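A.B. asks: Quick one: structure below, then a few questions.
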Amino acid sequence: MPPTSPLLLGLELAGAGAHPASWRRADSRAEDLFTAGYWVDALRAAEDAGIDLAFLPDSFTLQTAGAIGRLDAVAIAARAAAVTGRIGLIPQASVTHTEPFHLSKAIASLDFATKGRAGWEVTVSAGEAALFGRKPEQDGRSRWQEADEAVEVVTRLWDSWEDDAEIRDQATGRFIDRDKLHYIDFTGAHFSVKGPSITPRPPQGQPPIAVRAADPHSVRLAVHRADLIRIAAPDLAKAAATRSELRAALAAAGRDPNRVRVLLDIDIHLAATVDAAAAEVAQLEDWLATPAPATVFHIGTPAELRDILREVENECAADGVVLRPLALPAALRHLPALAPTLRERLGLPRPANRYARA
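For what it's worth, the numbering used here labels the leading residue of the sequence shown as 1, then goes sequentially.
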């Protein structure tokens with residue numbers, strides 16, 4: 001089954017870049033990482049480039065190398081809501097040490113702030129229990145079972161207000177119709193939540209949920225809950241096989257595979273020439289060597305990246321991609337060359353000039 005057209009273009013904005021040494025580049029703007037301006041500029045540039053989805057990583061732990069510390073991903077997305085108009089904003093938010101009632105309210109509020117452009121990438125937290133002191137460390141199975149319950153609670157809370165619950169009846173002084181607010185009465189192994197939410201139903205009804213399918217536990221959650229499934233693969237053939245397996249699992253779970261997008265992570269570094277890109281990555285590795293990426297990667301020019309994106313479509317490797325720049329500001333300077341034209345979005349080739357000589 002060919003990918004749904006058009007190919008979705010995502011961009012992961014991980015601080016100064018996915019490579020831990022990216023902050024040492026002269027153009028990294030590392031001094032601005034904890035300012036609103038850095039993130040606003042980056043998200044505006046991504047939107048101008050034609051990027052559809054911005055993924056904002058987050059965690060409760062410090063990075064092991066590189067630029068240390070981070071701002072809250074939901075807060076970054078909220079700040080960018082007013083200065084962007086098209087790009088989808090998908091912050092990561094962990095469920096392991098966070099109450100689903102709070103997460104429901106936060107993502108619903110972001111959906112209102114963006115006028116329907118919010119999403120949520122569900123994550124879990126490993127090795128962070130001591131930071132909170134609320135419960136012992138859980139194994140992978142328990143974390144993802146808890147995540148499944150959390151998603152159920154969050155989505156029920158989004159539905160706990162009917163769309164027309166706000167009546168604003170000045171004559172009677174009734175702002176809401178309380179008959180259209182509902183208790184969710186959820187009781188599970190990890191959560192017991194009565195509801196309803198204190199936030200009206202989001203503009204999208206249910207903001208899209210993303211899950212990175214990295215192990216059997218996260219795959220199960222993705223198959224049953226996600227609208228966007230992120231995958232990593234060493235090459236496009238493996239990506240296509242993984243997509244086919246996920247589509248079969250979606251169908252077996254009673255879901256329509258055509259309503260779920262599989263997104264392939266692609267690590268990138270862009271420069272004006274292949275040699276320049278290779279030299280810049282070599283400098284990053286001189287500063288701090290890192291393992292080879294476990295997914296498709298591209299070190300080269302924007303034009304070559306466009307060829308890879310066409311290949312992703314032609315080989316049915318994914319329904320979209322999430323570009324992960326090794327050095328974010330460097331990639332943003334070149335992304336405008338990636339913005340698809342209307343003909344490309346319609347699947348039409350660029351016609352040859354009839355008067356040009358062969």
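The C-beta atom is built at its ideal place from N, Cα and C for all residues, glycine as well. All values derive from a computational prediction rather than experimental measurement.
Starting from Val122, trace the beta strand (DSSP E) both ways and give me its first and last residue.
C.D. replies: Residues 120-123.
A.B. asks: Of the choices Leu103, Val95, Lys115, whose alpha-carbon is the least far from that of Trp144?
C.D. replies: Measuring from the Cα of Trp144, the nearest candidate turns out to be Val95.
A.B. asks: Per DSSP, what are the beta-bridge partners of Gln161 in this structure?
C.D. replies: Position check: residue 161 holds Trp in this sequence, whereas Gln was assumed. Bridge partners of Trp161: Leu181.
A.B. asks: Quick check: what's the CA-CA separation for Ala251 versus Pro257?
C.D. replies: If you take the alpha carbons of Ala251 and Pro257, they lie about 6 Å apart.
A.B. asks: Ile266 to Lys180, Cα distance in whole Å?
C.D. replies: Answer to the nearest angstrom: the Cα atoms are 45 Å apart.
A.B. asks: Determine the closest residue to Asp227 out of Ala237, Leu236, Arg247, Glu315, with distance taken between C-alpha atoms.
C.D. replies: When each option's Cα is compared against that of Asp227, the closest is Arg247.
A.B. asks: Could you give the uninterrupted runs of the alpha helix (DSSP H) lying entirely in the region 248-288, keeping only those of 4 residues or more?
C.D. replies: Taking only runs of at least 4 residues, the alpha helix (DSSP H) segments lying wholly in the region 248-288 are 274-287.
A.B. asks: Going by beta-carbon coordinates alone, are His224 and Ala189 separated by less than 8 Å?
C.D. replies: No; because the gap between Cβ atoms is not below 8 Å, this pair is not in contact.
A.B. asks: In the DSSP assignment, the beta strand (DSSP E) including Phe191 goes from what residue to what residue?
C.D. replies: It is not in any beta strand (DSSP E) - Phe191 carries neither H nor E in the DSSP assignment.
A.B. asks: Can you have a look at Val312 and say buried or exposed, based on whether 16 or more other CB atoms are within 10 angstroms of its CB?
C.D. replies: Answer is buried; the Cβ neighbour count reaches 16.
A.B. asks: Name the one or two DSSP bridge partners that His217 has.
C.D. replies: BP columns for His217 are empty, so no partner.
A.B. asks: Since Leu263 and Ala147 are thought to touch, with beta carbons under 8 Å apart, how far apart are those beta carbons, to the nearest angstrom?
C.D. replies: In fact, because the Cβ distance is near 19 Å, the residues do not count as touching under 8 Å.
A.B. asks: Take Pro207 as the anchor and find which of Leu13, Gly88, Val274, Arg44 has the nearest alpha-carbon.
C.D. replies: Looking at the Cα atoms, Gly88 is the closest of the given residues.
A.B. asks: How many Å lie between Asp177 and Arg201 at the Cα?
C.D. replies: So the two alpha carbons sit approximately 14 Å from each other.
A.B. asks: Of all the options Thr61, Ala165, Glu162, Ile90, which has the alpha carbon lying nearest to the alpha carbon of Ala126?
C.D. replies: With distances taken between Cα atoms, Ala126 lies closest to Thr61.
A.B. asks: In chain order, what are the residue ranges of uninterrupted alpha helix (DSSP H) at least 4 long that sit wholly in the region 18-79?
C.D. replies: You should have 36-48.
A.B. asks: I think His97 touches Thr290, with their Cβ atoms under 8 Å apart; what is that distance to the nearest whole Å?
C.D. replies: Going by Cβ atoms, the distance from His97 to Thr290 rounds to 28 Å, so no, they are not a contact pair.
A.B. asks: Do you know whose CA, among Pro100, Arg357, Val281, Gln92, lies nearest Leu13's CA?
C.D. replies: If we check each option's Cα against that of Leu13, Gln92 comes out closest.
A.B. asks: Kindly indicate which three-state DSSP category Ala108 falls into: helix, strand or coil?
C.D. replies: Ala108 falls in the helix class under three-state DSSP.
A.B. asks: Within its chain, find whatever has a CB closer than 7 Å to the CB of Ala65; leave out the 5 residues flanking it on each side and keep chain order.
C.D. replies: Within the same chain, Ala65 has close Cβ partners Pro20, Leu288.
A.B. asks: For Asp215, which residues from the same chain have a beta carbon less than 7 Å from its beta carbon, with the 5 sequence-adjacent residues on both sides left out?
C.D. replies: Gly140.
A.B. asks: So Leu9 packs on Ile51, CB below 8 Å; how close in whole Å?
C.D. replies: So it is a contact: roughly 5 Å between Cβ atoms.
A.B. asks: Report buried or exposed for Gly133, applying the criterion of at least 16 other Cβ atoms within 10 angstroms of its Cβ.
C.D. replies: Burial call: exposed.
A.B. asks: Do three or more CB pairs link the region 307-323 to the region 276-287 at distances below 8 Å?
C.D. replies: Result no; under three Cβ-Cβ pairs closer than 8 Å.
A.B. asks: Check this for me: beta carbons of Asp27 and Pro351, under 8 Å apart or not?
C.D. replies: Against a cut-off of 8 Å, the Cβ pair of Pro351 and Asp27 comes out as no contact.
A.B. asks: Whose CA, out of Pro136, Trp158, Thr84, Asp58, lies closest to the CA of Val40?
C.D. replies: Residue Thr84 is the option with its Cα nearest to Val40.
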